[in-house]
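Chains as they are written, first to last, in our numbering: chain D, 1 to 207; chain R, 1 to 207.
Each residue gets a CB set at the ideal place from its N, CA and C atoms; glycine is no exception.
Here's the structure, in C-alpha cells; my notes come after.
Number of protein chains: 2
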Amino acid sequence: MRYGRIPDETIRRLPGYLRALVFSSEQGRQRISSRTLADLVGANPWQVRKDFSYFGDFGTRGVGYDAEKLARQIRKILKLDVVQKAALVGVGNVGSAVLTHPGFRVYGFDIAVAFDVNPKKIGRKIDRVVIEDVSRLRTLKRRNIRLGIIAVPRHAAQETADKLVVAGVKGILNFSPRYITVPKRIKVITIDIAMDLARLPYYIPAR
Amino acid sequence: MRYGRIPDETIRRLPGYLRALVFSSEQGRQRISSRTLADLVGANPWQVRKDFSYFGDFGTRGVGYDAEKLARQIRKILKLDVVQKAALVGVGNVGSAVLTHPGFRVYGFDIAVAFDVNPKKIGRKIDRVVIEDVSRLRTLKRRNIRLGIIAVPRHAAQETADKLVVAGVKGILNFSPRYITVPKRIKVITIDIAMDLARLPYYIPAR
DNA sequence: GAAAGTTTGTGAATGTGAACACAAGTACTA
DNA sequence: TAGTACTTGTGTTCACATTCACAAACTTTC
C-alpha cells in the first residue's frame, strides 16, 4: 500500500521468487504461502512478505498468494513482461554455455544474436542462433537490441564493452574477469565465476 | 589494529581486490594506493581502506600499499594460501566452461577431478582433467577434496548435492538454477547466470 | 455462527554496512 | 629543517536492510 521506492536488495531477490513461482505453477499449485515460497528460495517468511509489501497487496490473509498473479507483477516490475532481446559477444566455452542455458527463457529473454571474431565460427549455428562477425555489432540499434552479454577473453573485455556502448546497448552482463568502465547511464553486472568460488574456503572450518 | 570479526561484505570484496593486486603486480607495480585499487575494482578509496583496516595495517601513510604483501594477507584470510582442490560434477556446456576458465588459477584452485553420467564422456580429457563416472564420487574423501562444483541439469542438482555431502565435501558452488538443501555445516554459494541478467532491465530507463 | 487455526501486512526495533571527515604519519622540495 | 603534498587508519554519522511482533483478515471446524 506504499508504492514507494523498492529497495535494491528486494530487487536482487525478485528473480529468485519469480523462478520459484514459475516452478510452483508448473507443479500445478496456484496458491503459495510465504512460508512455502521462503523454503523454495532459502529465505524466511517475513523477508518474503516484507519484500512483496513494497509493491502492493497480492496475498489473501489466511490463504496465501496467487502464484500466477504474483509472477505477473514481478515480471512487470523487472520489465520482463515484454521479450527482452540480448546480444552475446564471444562464443567460446562461456558463450556456448550462455547460448544453451535453459534459464533465460524463464525470464523472457531472447538471445537474438551472437558474435565472434573467429572466422571459423562465423555462420555456424548454435541453438538456432547464427554466429556473426563482430564487425556487425553496429546493427544492434537497428535490430532494437538493448542488452549485451560479454563472454570474450579478459584482454578483449573493455574493447568489447566500448563497442557495445557505441552500438546503443543500455545494459551489460559481463563474464570477463575484470572490471570494465562504461558511461554512468549504462548498467553493468559482472559475474566472475572463479571469484565466487574464492569466497568458499573462508567459510569452511579447518579440518 | 582491531582483529575482530571481518564483515561478510568485506569478505565478498576480497577476491576482487586480490584479482586487481595480482594484475597490478604483473604490470610491475609493487606499490598501490587505495585510490588506484579502488579504480581497478570499481569502488571508492575509503571503502578499500575500511575493508583493509579490519585485518591490520598494511599500508604506509603517504605511500600506499605493498601489493605483494597485501595479496599474501588476503590469500591467507580467504584460506587460498594452500592449493584448494575442487571436484566438478557435470561436464556439459557450463562444466566445460568451468574447466577451461583461466581465473581459478589466480585464486590457487585446482579442479582436480570431473565427473559425468554420460558414458561417452567418461575417459575423455578436458584441459588435463580426465572425466570419471559419477559413481566414483565417493573417492573424494580419500583424495582429500573438500570443494564441489555442481554443473548438472536442474533436475539432478539436489541429488548431486546429496552425493557430494556424503562424499565429505564441505563447500559447494552451485550453477544449477535451483535452491538446494544441505546440512547447515555445509556452505553453498549458488550462481544462476540467467537470474543476474534478469535484474538488468529494471535498471534500464524506458526508451 | 462462534471459536480455533492460518496467513498476510506492516510499524518498530535492531543490526549492519557505507560514507565521511580528519588526525597522524610519510615523502619530497628547497 | 621547515613547508607542502600525499596517503593511510579509524571514530562518527548516516542510510539501509533484516528481524520481530502482532493486529487484521480469512478459512475451517463443529
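Counting only the same chain and skipping the five closest in sequence on each side, list residues whose C-beta sits under 6 Å from that of D:D66.
none
| query | What does D:S96 touch in chain R if you count any residue whose Cβ is under 7 Å from its own? | reply | N93
Could you have a look at R:G64 and say whether DSSP puts it in helix, strand or coil?
Strand, per DSSP.
Range covered by the alpha helix (DSSP H) that runs through R:G123 | Boundaries cannot be given for R:G123, as no alpha helix (DSSP H) includes it and DSSP labels it neither H nor E.
- Between R:R154 and R:R35, what straight-line distance do the alpha-carbon atoms span, to the nearest angstrom? 42 Å
| query | In whole angstroms, what is the alpha-carbon distance linking D:R143 and D:T190? | reply | 25 Å
Self-check item: Limits of the unbroken alpha helix (DSSP H) element including R:A161
Solution: DSSP places R:A161 in the uninterrupted alpha helix (DSSP H) bounded by 157 to 166.
What's the C-alpha gap between D:I111 and D:L173?
Cα to Cα, D:I111 sits roughly 12 Å from D:L173.
Short of 8 Å in beta carbon distance, which residues of its chain neighbour R:Q73, apart from the five on each side in sequence? Order them along the chain. Only F55, G56, F58 meet the Cβ criterion.
**Study point:** Stretch-stretch touch, CB-based, cutoff 8 Å, three pairs: the region 31 to 48 of chain D with the region 7 to 17 of chain D
**Key:** yes
If you measure between the beta carbons of R:R124 and R:I131, is that distance less than 7 Å?
yes
* Asked: So what's R:I189 in DSSP terms, helix, strand or just coil?
  -> strand
Under 9 Å between beta-carbons, which chain D residues line up against R:K76? List them in chain order, please. Going along chain D, no residue has its Cβ under 9 Å from R:K76, so there is no contact; the nearest lies around 10 Å.
Checklist entry - Should D:K76 go down as buried or exposed, given a rule of 16 or more other Cβ atoms within 10 Å for buried? => result exposed
- Starting from the Cα of D:K187, find the closest Cα among R:F104, R:G28, R:T160, R:I204 and give me that residue. Looking at the Cα atoms, R:I204 is the closest of the given residues.
Neighbour list for R:A114 in chain D, Cβ cutoff strictly below 9 Å
The contacting residues do not exist; R:A114 stays about 14 Å from chain D at best.
(Q) Given this structure, state the Cα-to-Cα distance separating R:S33 from D:S24, to the nearest angstrom. (A) 50 Å
ask   = Any residues in the region 43 to 60 of chain R with a beta carbon nearer than 7 Å to a beta carbon of chain D? Which ones, in chain order?
value = Listed in sequence order: no entries.
- Task: Check R:G171 in the structure and name its three-state DSSP category.
- Result: strand
Just reading off the alpha helix (DSSP H) that D:I11 is part of, what are its end residues?
-> 8 to 26
Listing by chain order, which chain R residues have their CB less than 7 Å from the CB of D:K79? Going along chain R in sequence order, the residues near D:K79 (Cβ under 7 Å) are P201, Y202.
Exercise for the section: Check the Cβ-Cβ distances between R:Y17 and every residue of chain D, and say whether any is below 7 Å. Expected result: no
Exercise. Taking the C-alpha atoms as reference points, what is the distance between D:K163 and R:F115?
Worked result: When rounded, the distance between both Cα atoms is 38 Å.
- Task: Name, please, each residue of chain R whose Cβ falls closer than 8 Å to the Cβ of D:G171.
- Result: L200, P201, Y203, I204
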